[in-house]
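Going by this note's numbering, the final residue of the sequence shown carries number 1138, and the count climbs one at a time with no gaps. Idealized CB from N, CA, C, for every residue including glycine.
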Amino acid sequence: MCFGNNQKKKKIKKNKIKPYIHHEDISKITTEEFLKETITCNHCKKKFNLESNEIKIHCAGCNQFYHCGIAGKCNCSDCKTVMRNNQIHHLSWCIHCVPKISQNKEKKDGIGYCICKLN
1020 MCFGNNQKKK
1030 KIKKNKIKPY
1040 IHHEDISKIT
1050 TEEFLKETIT
1060 CNHCKKKFNL
1070 ESNEIKIHCA
1080 GCNQFYHCGI
1090 AGKCNCSDCK
1100 TVMRNNQIHH
1110 LSWCIHCVPK
1120 ISQNKEKKDG
1130 IGYCICKLN
């Protein structure tokens, strides 16, 4: 006699919440409203709107935006990618995310190269 086959297995239903999005509640944002949004520089903590073009880099190490405190662009092979239009893009780094060596000084406007942690 087998006692295990006579019992039916219970199916457990998972409680899933399916959100319903009201499409008429989502307002379209205009270009002027988008350009008025602000981004904070992580080094000096000043706020800049997108229209001013003051934010220079997005750091590859800490994923923060910077307009000052920029170490530069890395020139190693791990930090280079070829874009669709065959241009080479170098990752940018802040002074907090690079090793403290003499070549990694703060660069004005992010122009120049640095040595990143990945080397």
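Nearest neighbour of LYS1075 by Cα position, chosen from CYS1133, LYS1126, ILE1134 and LYS1136, turns out to be LYS1126. By alpha-carbon distance to CYS1093, the top candidate from ILE1036, ASN1072 and HIS1109 is HIS1109. Distance from the Cα of GLU1052 is smallest, within the candidate group GLU1070, CYS1133 and CYS1078, for GLU1070.
The beta-bridge partner set that DSSP reports for PHE1084 consists of HIS1077. Between ILE1134 and ILE1120, the CB-CB gap stays under 8 Å. Contact between ASN1072 and GLU1056 does not hold, since the beta-carbon distance rounds to 13 Å and is not under 8 Å.
Membership of THR1050 in the alpha helix (DSSP H) is indicated by the continuous run 1050 to 1054. Per DSSP, the unbroken beta strand (DSSP E) holding LYS1099 starts and ends at 1099 to 1101. Within the DSSP bridge table, the entry for CYS1113 names ILE1089 as partners.
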